[in-house]
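Counted the way our numbering counts, the sequence shown spans residues 5 to 321.
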Amino acid sequence: MRAVVTGAAGFLGSHLTDRLLATRWDVVGIDNLRTGRLTNLREARTNSHFRLQRLDLAHRAGLPSADRYYHLASPASPPAYQRDPIGTLRVNSLGTLHVLDAARRADASVLLASTSEVYGDPEVHPQPESYWGHVNPIGPRSCYDEGKRFAEALAVAYRRQYGLDVRIARIFNTYGPRMSPTDGRVISNFIVQGLRGEPFTIYGRGDQTRSFCYVSDLIRGFERLMEVAPGVPTPMNLGNPRELSVREAAQLIARALGIRARFRFRPRPEDDPKQRSPVIRSARRHLGWQPEVTFEEGLAATVAYFRSIATPGRRAA
Ligand code: UDP
Numbered sequence: 005m006r007a008v009v010t011g012a013a014g015f016l017g018s019h020l021t022d023r024l025l026a027t028r029w030d031v032v033g034i035d036n037l038r039t040g041r042l043t044n045l046r047e048a049r050t051n052s053h054f055r056l057q058r059l060d061l062a063h064r065a066g067l068p069s070a071d072r073y074y075h076l077a078s079p080a081s082p083p084a085y086q087r088d089p090i091g092t093l094r095v096n097s098l099g100t101l102h103v104l105d106a107a108r109r110a111d112a113s114v115l116l117a118s119t120s121e122v123y124g125d126p127e128v129h130p131q132p133e134s135y136w137g138h139v140n141p142i143g144p145r146s147c148y149d150e151g152k153r154f155a156e157a158l159a160v161a162y163r164r165q166y167g168l169d170v171r172i173a174r175i176f177n178t179y180g181p182r183m184s185p186t187d188g189r190v191i192s193n194f195i196v197q198g199l200r201g202e203p204f205t206i207y208g209r210g211d212q213t214r215s216f217c218y219v220s221d222l223i224r225g226f227e228r229l230m231e232v233a234p235g236v237p238t239p240m241n242l243g244n245p246r247e248l249s250v251r252e253a254a255q256l257i258a259r260a261l262g263i264r265a266r267f268r269f270r271p272r273p274e275d276d277p278k279q280r281s282p283v284i285r286s287a288r289r290h291l292g293w294q295p296e297v298t299f300e301e302g303l304a305a306t307v308a309y310f311r312s313i314a315t316p317g318r319r320a321a
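Structure (structure tokens):
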């Protein structure tokens with residue numbers, strides 16, 4: 005059985021690839037290597053059941069035939085998608101179209117990696133899948149939010165019109181080993197800053213909240229969502245309901261690093277969501293899934309990863 009993973013060199017794509025290989029799938033990884041990193045696939049590339057195809061999905065079709073398509077390709081951190089808003093819109097629109105067409109030709113199932121960003125700056129809290137969101141369509145985050153909303157709309161249109169088996173995961177903030185140290189997300193930023201002996205950059209007052217899911221929990225959720233019998237509700241939230249303010253997260257990260265937290269305050273980015281936490285009743289009920297790794301355990305593994313890749317000579321590295 006063959007699975008295609010788009011965005012295979014990314015943080016989530018590479019973990020998913022490793023998991024699929026471990027469970028005896030043949031995997032074709034697709035990546036344009038713009039935000040993905042080959043080092044994430046170091047182990048996969050030694051496996052004869054893995055093949056990497058360098059392809060820019062936003063510009064070209066050309067996906068191989070497979071039994072499962074996991075569509076993860078897209079810049080995902082706010083600095084990354086804001087550096088290339090058109091590329092982000094292209095991969096989520098045309099890229100998604102190419103994946104859905106390939107799946108239709110192959111009569112295969114598709115899992116679309118969507119996001120809690122479809123809820124925008126939510127006025128309903130915590131967020132159930134039934135909430136339609138509160139999104140600024142022309143703000144700095146719109147390329148990602150609206151790109152993913154379009155991708156969801158396209159996926160359900162393929163289901164309605166062609167009967168394609170599509171499953172949509174709305175992913176809430178996920179962290180763990182292989183996050184890029186330069187992608188600008190809060191957990192990677194704070195760990196890298198802490199290892200360099202620098203203060204943590206807090207945007208705004210740090211009272212905005214997020215709910216952080218450890219990567220192995222999320223990948224387990226992907227597998228279940230893809231393999232559960234057809235007919236479960238979709239989209240489905242996948243995330244950890246434990247909600248932390250950015251300041252609380254900072255304190256826990258400082259503890260994991262064994263340092264005293266020091267802060268440097270920066271202006272809050274435009275349209276930065278004030279609060280975010282998933283309702284996961286649907287995943288619990290239909291997938292028997294819930295997160296198992298605590299934030300403290302996940303942080304220990306993530307800090308160990310960042311220590312292992314720290315450049316020698318850097319302060320505190
Ligand atoms: N954030 C912060 N300092 C940083 C990076 C991010 O205070 O160095 C804040 C950011 O404003 C947001 C939260 O942390 O409120 C999560 O940001 P991230 O970019 O990780 O994810 P997203 O905004 O996409 O949820």
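We treat Cβ as the ideally placed atom computed from N, Cα and C, and that holds for glycine.
Check: Looking at A254: is its Cβ nearer than 8 Å to the Cβ of A265?; Outcome: yes
Check: Roughly how many whole angstroms lie between the Cα atoms of R189 and Y85?; Outcome: 12 Å
Check: Check whether the Cβ of R272 sits closer than 7 Å to any heavy atom of the ligand UDP, and report yes or no.; Outcome: yes
Check: Cβ of P282 within 8 Å of Cβ of N241?; Outcome: yes
Check: For I257, which of S286, V307, G208 and N177 has the nearest alpha-carbon?; Outcome: V307
Check: When the Cα atoms are used, what is the spatial distance from Y162 to R200?; Outcome: 48 Å
Check: Since A62 contacts G11 with CB under 8 Å, what's their CB separation in whole angstroms?; Outcome: Not a contact, Cβ separation roughly 12 Å.
Check: Cα-Cα, which of P234, L291, S18 and P203 is closest to G40?; Outcome: S18
Check: In three-state DSSP terms, what is R282?; Outcome: Residue identity differs from the one stated: residue 282 is Pro in this sequence, not Arg. Correct three-state label for P282: strand.
Check: Mapping DSSP to helix, strand and coil, what is P68?; Outcome: coil
Check: Quick one: Cα of L20 to Cα of A173, how far?; Outcome: 14 Å
Check: Alpha carbons only, please: which of L104, A77 and V103 is nearest the one belonging to G91?; Outcome: A77
Check: Relative to the ligand UDP, is the shortest distance from any of its heavy atoms to the C-beta of V122 smaller than 7 Å?; Outcome: no
Check: How big is the Cα-Cα spacing for H129 and R280?; Outcome: 7 Å
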